[in-house]
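Chains as they are written, first to last, in this note's numbering: chain P, 517 to 942; chain U, 763 to 916. Okay, so here's the structure we're looking at.
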Amino acid sequence: MSEKIFFNFPVTADSHTLAAYKKRGGYQALETALKTMQPIDVEKEVMASGLRGRGGAGFPTGSKWSFVNKKAPVVYLCCNADEGEPGTFKDRWIFEHSSHQLIEGMILASYALNVRNAFIYIRGEFDLPYRRLMEAMSEVYQAGYLGENILGSGFSCDIRVMQGGGAYVCGEESSLYTSIEGFKGYPRNKPPFPAVQGLYKAPTVVNNVETLANVPWIIANGAKAFSAMGTEKHPGTKLFGVSGHVAKPGLHELPLGYPLKKLIYEDCGGILNGKQLKAVIPGGSSTPILLPKDVETANLDAECLATFRTMLGSGGVIVISEGICMVRLLQVLSRFYAHESCGQCTPCREGSAWMNDIISRIVAGKGSKGDLESLERITKGIMGNTVCALGDAASMPVINFITKFRTEFDYYIEHGRSMNDGRLEI
Amino acid sequence: MSCIEDKFAQLRATYPKELNSSLVMPFLRIMLDEKKHLGESDAVFIATYLDLPPMQVKEALTWYTMFYRQPVGKHVIKICRNIACSLMGAERLIDHISAKLGIKPGETTPDGRFTLLLVECLASCGTAPAMQIDDDYHEQLTEGTIDQILKGLS
Chain P
517 MSEKIFFNFP VTADSHTLAA YKKRGGYQAL ETALKTMQPI DVEKEVMASG
567 LRGRGGAGFP TGSKWSFVNK KAPVVYLCCN ADEGEPGTFK DRWIFEHSSH
617 QLIEGMILAS YALNVRNAFI YIRGEFDLPY RRLMEAMSEV YQAGYLGENI
667 LGSGFSCDIR VMQGGGAYVC GEESSLYTSI EGFKGYPRNK PPFPAVQGLY
717 KAPTVVNNVE TLANVPWIIA NGAKAFSAMG TEKHPGTKLF GVSGHVAKPG
767 LHELPLGYPL KKLIYEDCGG ILNGKQLKAV IPGGSSTPIL LPKDVETANL
817 DAECLATFRT MLGSGGVIVI SEGICMVRLL QVLSRFYAHE SCGQCTPCRE
867 GSAWMNDIIS RIVAGKGSKG DLESLERITK GIMGNTVCAL GDAASMPVIN
917 FITKFRTEFD YYIEHGRSMN DGRLEI
Chain U
763 MSCIEDKFAQ LRATYPKELN SSLVMPFLRI MLDEKKHLGE SDAVFIATYL
813 DLPPMQVKEA LTWYTMFYRQ PVGKHVIKIC RNIACSLMGA ERLIDHISAK
863 LGIKPGETTP DGRFTLLLVE CLASCGTAPA MQIDDDYHEQ LTEGTIDQIL
913 KGLS
């Protein structure tokens, strides 16, 4: 039985408050760090824990921090709370029930990185998560954990909360700090990487909510205890949100490397209405899809999923039952990416719209021979030719769906109708 | 404008000078909450207030979907059409709510009470299908609960 970093307290009417968080040992890691640790010790502990980013890319957090020149006049920390990858609903839980855990993690990270001003960029639609965060922020300032000379340590730090404007692309790190700078959120070319030149051209670290919220636990319990959980290369626990056709959808905290099959059939009660499984999207809508035979042996960690040519992503597991029309489901995704393409790079702006047009034409029964080849050609024109990864994210589901469910697409084009009654729900 | 300017001044006092430009998004949000929809003059007002190029604020205003530039109804209904909600019946619910209000997505009822918008993922996938009315999330929707929720709105 693995320990829990998040689901380690019963959720009650006031379990999100500062008093309740302190009763659970909250802010002790911060007090210890400020009194007994040098900033570099905090970074070394995080590095030794093997913590990897929980937002999607899975980059080692300690390495990301180590790239930053802490002697620079200004260093910024941005918490990426623009949770918007379809299938993902974990950061919301952290804000609603454990905002203090994130805030403590951010203060620790700021201490390690020599950050005076940090930001939380929270998606604009969030209401309760935002209100809970703002309550927590005022509690924290009153308690003296933020502001000037925190706990008499001489270290000062402020966190500012900024609400997004409803743009999916602002979850991309450079788009996020461009938005914080008060511009439309066009992503920027890398290099320069944010660790060298990010927000206001200063060295910047952008970390996901869940990533930062792991830090207090690591400081309190030590890197060894953290790396004892999960797999060797992908340690710790992870929040997995399961949605779609399972009997009991919801959020689970599990050690990394947990069997996907067990998650679906034991923790989530199997497929809805006793149906058969058709496919699983393992880590948010941009990650390549798994077939039932893959689910038999796939484990939920970056290395194992890479052998299936997919990714852990943000931990948004979307389960699809038999009888669902994959052509129409792809249309849902292609419409999303076409809508969210920011407009900066021609291949993505035009390509995502063309793909959506072609798929929509097929769905309308007017598909023609060569459409699938056109789609493949368009994805090749997009992938690797854009500033950010949104173009790749838009292309991957297209390639994947038409490769893995080719007969369904061929049938739809030939007969002008779906093999599965065009069904999206059971 | 005075109420808005008070809020602007209050927030600006908490931002150091070097982060001046970071006030664009919060100011647009404050203005939107006050005026319900925004126009070019609002962007110019913010730009002048912050001493920034008007084009920067105009671009931001027109690029983010949450900053409405057309009048919206008293209540804005945002219903999710993305993957998890679609798998749980979003299309059926969109048709239902559309028929119930007598408007297509993107439209406002003639009495100005409701605007219906289709949105992408609201991060309610585990409690799909979901919609947001004004600020409030409503999840695990059925035709029945939608009818009840709409009835409960003034």
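Beta carbons are placed, not taken as given, at the ideal position from N, Cα and C, and that holds for glycine.
Item to check | Cβ neighbour criterion (16 or more within 10 Å) applied to F575/P | outcome: By the 16-neighbour rule on beta-carbons within 10 angstroms, F575/P is exposed.
Checklist entry - Considering only residues of the same chain and omitting the five flanking positions on each side of N844/U, which have a CB-CB separation below 6 angstroms? => result Answer for N844/U: E882, C883, listed in chain order.
Checklist entry - Which stretch, first to last residue, makes up the alpha helix (DSSP H) that contains C820/P? => result 818-823
Next on the checklist: Tell me the DSSP secondary structure of C883/U in three-state form.
Outcome noted: coil
Next on the checklist: Please tell me whether G498/P and G886/P are closer than 9 angstroms, where the distance is taken between their beta carbons.
Outcome noted: Residue 498/P lies beyond the range of chain P shown here (517 to 942); nothing can be said about it.
Checklist entry - Within 9 angstroms (strictly less), CB to CB, does K836/U reach chain P? => result For K836/U, not one C-beta of chain P is nearer than 9 angstroms to its own C-beta.
Checklist entry - Hey, is the region 816-824 of chain U in contact with the region 859-866 of chain U, meaning 3+ C-beta pairs nearer than 8 angstroms? => result Taking 8 angstroms as the limit for Cβ pairs, the verdict is that the region 859-866 of chain U does not touch the region 816-824 of chain U.
Checklist entry - What separation, rounded to the nearest whole angstrom, lies between the Cα atoms of E930/P and G883/P? => result 8 angstroms
Checklist entry - Count the other CB atoms within 10 Å of the CB of F699/P; is the residue buried (16 or more) or exposed (fewer)? => result buried
Checklist entry - Just checking my contact of M650/P with I675/P at CB under 8 angstroms: how many whole Å lie between their CB atoms? => result About 11 angstroms separates the two Cβ atoms, so there is no contact after all.
Checklist entry - Does C858/P get closer than 9 angstroms to chain U when you measure Cβ to Cβ? => result yes
Checklist entry - According to the Cβ coordinates, are K764/P and D783/P closer than 9 angstroms? => result yes
Item to check | Range covered by the beta strand (DSSP E) that runs through A597/P | outcome: 592-597
Checklist entry - What is the rounded straight-line gap between the Cα of S672/P and the Cα of V584/P? => result 19 angstroms
Next on the checklist: On the CB-based measure, 16 or more other CB atoms within 10 Å of its CB, does G859/P come out buried or exposed?
Outcome noted: exposed
Checklist entry - Whose C-beta lies closer than 7 angstroms to the C-beta of G682/P among residues of the same chain, with five residues either side of it excluded? => result G640, E641
Item to check | Residue range of the beta strand (DSSP E) that includes N724/P | outcome: 720-724
Item to check | Cross-chain neighbours of E882/U in chain P, by beta carbon under 8 angstroms | outcome: The contacting residues are G600, P602, Y684, F852, H855, E856.
Item to check | Extent of the continuous alpha helix (DSSP H) to which F742/P belongs | outcome: Element bounds for F742/P: 739-743.
Checklist entry - S951/P CB to nearest chain U CB: under 9 angstroms? => result Examination of residue 951/P is not possible in this model, given that chain P is present from 517 through 942 alone.
Checklist entry - Can you list the beta strand (DSSP E) stretches of 3 or more residues lying completely in the region 744-827 of chain P, in chain order? => result 753-760, 766-771, 793-797
Next on the checklist: Using only CA atoms, which one of L779/P, Q554/P, G938/P, V903/P lies nearest to V843/P?
Outcome noted: G938/P
Item to check | Residue-chain proximity (S784/U, chain P), Cβ-Cβ < 9 angstroms | outcome: yes
Checklist entry - Nearest to Q544/P by CA position, among P602/P, L667/P, K560/P, is which residue? => result That would be L667/P, whose Cα lies nearest to the Cα of Q544/P.
Checklist entry - With distances taken from CA atoms, which of C842/U, E853/U, C847/U is nearest S759/P? => result C847/U
Next on the checklist: Using only the alpha-carbon positions, how far apart do N596/P and T577/P sit?
Outcome noted: Distance between the alpha carbons of N596/P and T577/P: 14 angstroms.
Checklist entry - First and last residue of the alpha helix (DSSP H) that includes Q860/P? => result First-last for Q860/P: undefined, no H or E at that position.
Next on the checklist: Can you tell me which residues form a DSSP beta bridge with T877/U?
Outcome noted: V838/U, T870/U
Item to check | Contacts of E697/P in chain U (Cβ-Cβ under 7 angstroms) | outcome: S783, S784
Checklist entry - Which residues, in chain order, does the region 743-770 of chain P contribute to contact with chain C at a C-beta distance below 8 angstroms? => result Among the protein chains in the structure shown, which are P and U, there is no chain C.
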